[in-house]
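Please read the structure below before turning to the comments.
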Amino acid sequence: MTPANPVETVGDNAAVWTNAGRRTRGALVIVMGCLAMIAPIFAGPLAITLVGLLLIVCGALEMFETFRLPDESSQRSAYLSGVLSILVGILLLNNPKIVFGGLGLFFGGSFLIDGINKVIAAWRARTRESYSHWTFVAAVVNVCLGLVLITGWPFSGVRIIAVLVGIRMLTAGWAMMLGREKPAPVIAVVEGHPDRRLNLPAHAEFARLNDVLDTEEKSRRAIDAYWCWMFIVLFFAIHIGRMNVEWNLVGLTAPLFAVLGDVATSVIFAFGMILPSRLAWRKLTRMPERHGWKNALARIDHGQSPGLTGRVYQAWLTHRLRFSRRFARMCHSPWAALRWGMQVGLPATAILIAVNPIWGLNWFFNSEAWTTGLWNRWAEARTDTWRENMIEAVGITYRDKNIPADRLFDLSPEGVNGRDDFSFLVLGDTGEGGTAQHSLRDQYLSLGQRPDVKFLVISSDVIYPDGAMSDYEPKFYLPFKGFTKPIYAIPGNHDWYDALEAFAANFLEPDAARASMLSRVKTDGHLTTTTEGRIDRYIQQAARLRQDYGVSNGFQRGPFFEVQTDRFALIAVDTGVLKSVNSTQWTWLKDSLERARGKSIMAILGHPLYAGGRYQGGTDAPIAGEWIGDGIEPFIAIHRLLKDHNVEIVMAGDTHYFEHYVEKYESSGSSRTMQHFVNGGGGAYISIGTPLDWPRQPAVPDCAFFPRTDVVTAKLDRDTPNWKMPLWLWAKHFRAWPATVETTAAAFDYSRTPFFQSFVEVRVEGSANRVRLIPHGANGPLRWKEFQTFGAVVPAGKANDDFVEFVITMPSRQ
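Sequential numbering of the sequence shown, starting at 32, is according to this note's numbering.
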């Protein structure tokens, strides 16, 4: 018997669903939920990263369920749930602290939306045989979790995210295992139109067109697959060329991850943007499509010619029929869906890769930057362990070189050991290698010619994006060619992304560099392609670059150091990726501060204690105790230690701006002052989050920053092209909510004047009992009129046109 709308089952495009398969997927999601809940126990700093990955896999499995559900309501619910899971997982990978601020609302809102959507879907399915109360229970749990995340009641915090995400996975997996929904028959229309909402009758013309399109699709399948693979191979080749990889297994891992990111981007584009847009357009234009088909079929029945206009209309109708056929198959076959997603998504991704540089979004929609992010997560978890063992290995290496343990990390630049006055320069976050970095070059080269300037310190992020050896020539040696005084450095988080290998080769003595890198290899159980041959090549390459460019570096024995003079001490601390120090560096820091007792002390940290008008150390710190062994936040412990030793100057990079804070505190019954400087404008793009997102009440009342908000705003108003203006207006007027202004900063990195980069000249003038810090910009010393000031930060008697200098009185001679 022939049905009213003749159909036949599809063979190779049908997904074969079994209850056993669904139970397996549900069990897998439950296992992942358990892993997410206990991740903070066994994964440590990598816990949130692991949770993000698990949530992405869970989302993919949820979307997989859409292919076996019998009605559109259930399919939309599963699809939305999967999309939200994947999106939240990506956000967790990108920024584990999104539970704070506007993105935290999105995070909790995604759970709430997913729960409400599932409640609606479960309510609509309550009268059907396939209804399962477990689906309703899972929906209610998601609603509750969303409310907890949004309100922060009864608990909140980054670590609780792992528990809440785990609970969400458990309920999703349980509903998946015990749900009773049965898949609809997988069919393809033969004599009817695949879009049943058109309500068109079966017709021989549809049978003819379906037969033609079947033949066309079979003949094109191999061609489409060929072009998809060609796109992937091309992306891989592009990443290899742009990332300057080494030809080994680990070296090729980075472009491979980048390609996987491209493929993921193509799928997200296809199913997150292109498919919803096409379905919305199809829904809006069903009326003219229905009218067109009725007219076309009537003409065919009466043997009439369609005419020129009719042929054009019929071509559009055939195009719509082709998409409806593919969508019908996609609804029931994940492989058909994946094929379509790759075919439409890969070309869109290629266009995105091509136009990405004009956006200036160096860290977004850029799979190479995402690869850097993966190394970031790895380095976060390993930095303190690597550094601890590196220091131990260096100590063993130098034990027989007659260097006392308390002098192991001491530096003695020529001309700074006595009581004579001297100066040095501090630049932070230098290594992007672009126009902005070179805008400062004439200034620090000119200062370097003065006989009183004895050395230069880079205070973080020598090389972007991942501290690679291949980037040292264009981003360090070339910009500093002509500066002949010693250059020292402490690494920033980006320098740790390659396990500090390139930094060690370039800034450490050869023996210390070799010991450090060998120690890291041993620490990681030799699970690396770093060999002794590679270590020797790095050290030899660094020596050649020093000689060829005439740059004086390679004097340190570790990623931290001290310079002690009679009345002044410079102590440079490596705070790694997570604003912390390992136990050995902690002991060294305490000892070096003790050696500096009674002197004027300047500490350089890898991260600032104050930035963007806010305290960066943390909250709810205990009143007493030390970090090692009693649970105090490491950065707070460092801050307290500096206060205990009356450190007067604290400078750091990391934030790409110049900021100044005057912190007043009590110590040993006396009122004291600590001068904080954010000095991270040495070459990287300017951090516009500082002027545009400055709090109404800064963490300390007396503070300042350069450049002023109005100057930054005027430049971006002038330089932002019309097509990017909506993004700028969003950042300017709404602080880029629910994201942050800082996350959009790279989009407005216009390498043209005026340049807002800066660095600091430090003059140690024992003869006058003072230390002077003088900030310099691209055109020389900065003036007070270029600063935005708060409180009593401007010295009495200084006018707007006066040059800026911060004067710290040295302790009296003993």
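Just so you know, even glycine gets a beta-carbon here, dropped at the ideal spot from N, CA and C.
Which residues in the same chain as residue i place their Cβ atom closer than 6 Å to its Cβ, once the five residues preceding and following it in sequence are excluded?
i, result
"Gly662", "Caution is warranted here: a pLDDT of 46 is assigned to Gly662, below 50, making its placement in the model unreliable, and the coordinate value is therefore given only provisionally. So no residue of the chain qualifies."
"Phe358", "none"
"Arg418", "Asn613"
"Leu115", "Ser141 and Asp145"
"Leu804", "Val791, Val793 and Phe837"
What is the residue span of the alpha helix (DSSP H) that residue i lies within?
i, result
"Gln706", "Unbroken run through Gln706 is the beta strand (DSSP E), Ser701 to Asn710; no alpha helix (DSSP H)."
"Gln474", "Arg472 to Gly479"
"His333", "Taken as a continuous stretch (DSSP letters only), His333 belongs to no alpha helix (DSSP H), as it is neither H nor E."
"Pro722", "Gly720 to Leu723"
"Gln578", "Glu563 to Tyr580"
"Gln616", "Ser614 to Arg626"
"Phe765", "Met756 to Phe765"
"Gln468", "Thr466 to His469"
"Phe666", "Pro665 to Asp675"
"Val743", "Thr740 to Asp750"
Go ahead and pull the three-state DSSP assignment for residue i.
i, result
"Thr97", "helix"
"Ile680", "strand"
"Arg228", "helix"
"Thr840", "strand"
"Val793", "strand"
"Asp441", "strand"
"Gly140", "helix"
"Phe455", "strand"
"Leu804", "strand"
"Leu893", "Only positions 32 to 845 of the chain appear in this structure, which leaves residue 893 out of reach."
"Ile635", "strand"
"Ser698", "strand"
"Val594", "strand"
"Glu540", "coil"
"Val693", "strand"
"Ala289", "helix"
"Lys213", "Only weak support is given to the placement of Lys213: the predicted model assigns it a pLDDT of 49, under 50, and the value that follows is read from those uncertain coordinates. Coil."
"Ser108", "helix"
"Arg430", "coil"
"Trp658", "For Trp658, the predicted model reports a pLDDT of 46, less than 50, meaning its position is unreliable; a value from the coordinates is still stated below. Residue state, collapsed to three classes: coil."
"Pro510", "coil"
"Phe834", "strand"
Rounded to the nearest angstrom, what separates residue i and residue j at their Cα positions?
i, j, result
"Ala827", "Val838", "12 Å"
"Ile719", "Thr820", "16 Å"
"Gly57", "Ile299", "24 Å"
"Val174", "Gly139", "9 Å"
"Phe592", "Thr461", "19 Å"
"Ser583", "Gly479", "12 Å"
"Ser701", "Asn810", "41 Å"
"Met261", "Arg351", "27 Å"
"Asn677", "Pro590", "24 Å"
"Glu563", "Gly64", "42 Å"
"Ser364", "Gly556", "44 Å"
"Tyr569", "Ala536", "6 Å"
"Leu86", "Ile117", "6 Å"
"Leu283", "Leu66", "30 Å"
Check the C-beta distance from residue i over to residue j and give it rounded, since I have them as a contact under 8 Å.
i, j, result
"Gly459", "Ser501", "Not quite, the Cβ-Cβ distance comes to about 22 Å (not below 8 Å), so this is no contact."
"Leu672", "Lys621", "7 Å"
"Thr539", "Gly585", "With the sequence shown as reference, residue 539 is identified as Leu, and Thr is not the correct amino acid for it. Yes, Leu539 and Gly585 are in contact; Cβ-Cβ is about 7 Å, under 8 Å."
"Gly446", "Lys506", "Wrong, their Cβ atoms sit about 28 Å apart, outside the cutoff."
"Gln788", "Ser477", "With 8 Å as the limit, Gln788 and Ser477 do not qualify as a contact, their Cβ atoms being about 15 Å apart."
"Lys775", "Leu758", "The amino acid at residue 775 is misidentified as Lys; the sequence shows Thr. Yes, they are in contact, since the Cβ atoms of Thr775 and Leu758 sit about 7 Å apart, within 8 Å."
"Thr744", "Val709", "20 Å between Cβ atoms; not a contact."
"Leu609", "Glu411", "6 Å"
"Ala78", "Ala193", "6 Å"
If you follow the beta strand (DSSP E) that residue i is in, where does it begin and where does it stop?
i, result
"Cys734", "Cys734 to Phe737"
"Thr349", "Looking at the DSSP string, Thr349 is not in any beta strand (DSSP E); the run it does join, the alpha helix (DSSP H), is Gly338 to Met361."
"Met274", "Where Met274 is concerned, there is no enclosing beta strand (DSSP E), although the alpha helix (DSSP H) it sits in stretches over Ala235 to Met274."
"Ile518", "Ile518 to Ala520"
"Ala603", "Phe599 to Val604"
"Thr820", "Gln819 to Phe821"
Below 7 Å CB to CB, which residues in the same chain sit around residue i once its five sequence neighbours on both sides are set aside?
i, result
"Phe455", "Val484, Lys485, Phe486, Leu487, Val488 and Val793"
Within a Cβ cutoff of 8 Å, which residues of the same chain sit near residue i, ignoring the five residues on either side of it in sequence?
i, result
"Ala109", "Glu93, Met94, Glu96, Thr97 and Leu100"
"Arg645", "Pro726, Pro729 and Ala730"
Taking 7 Å as the cut-off, is the beta-carbon of residue i closer than that to any non-hydrogen atom of the ligand FAD?
i, result
"Arg199", "With respect to the ligand FAD, the structure offers nothing, as it holds no ligand at all."
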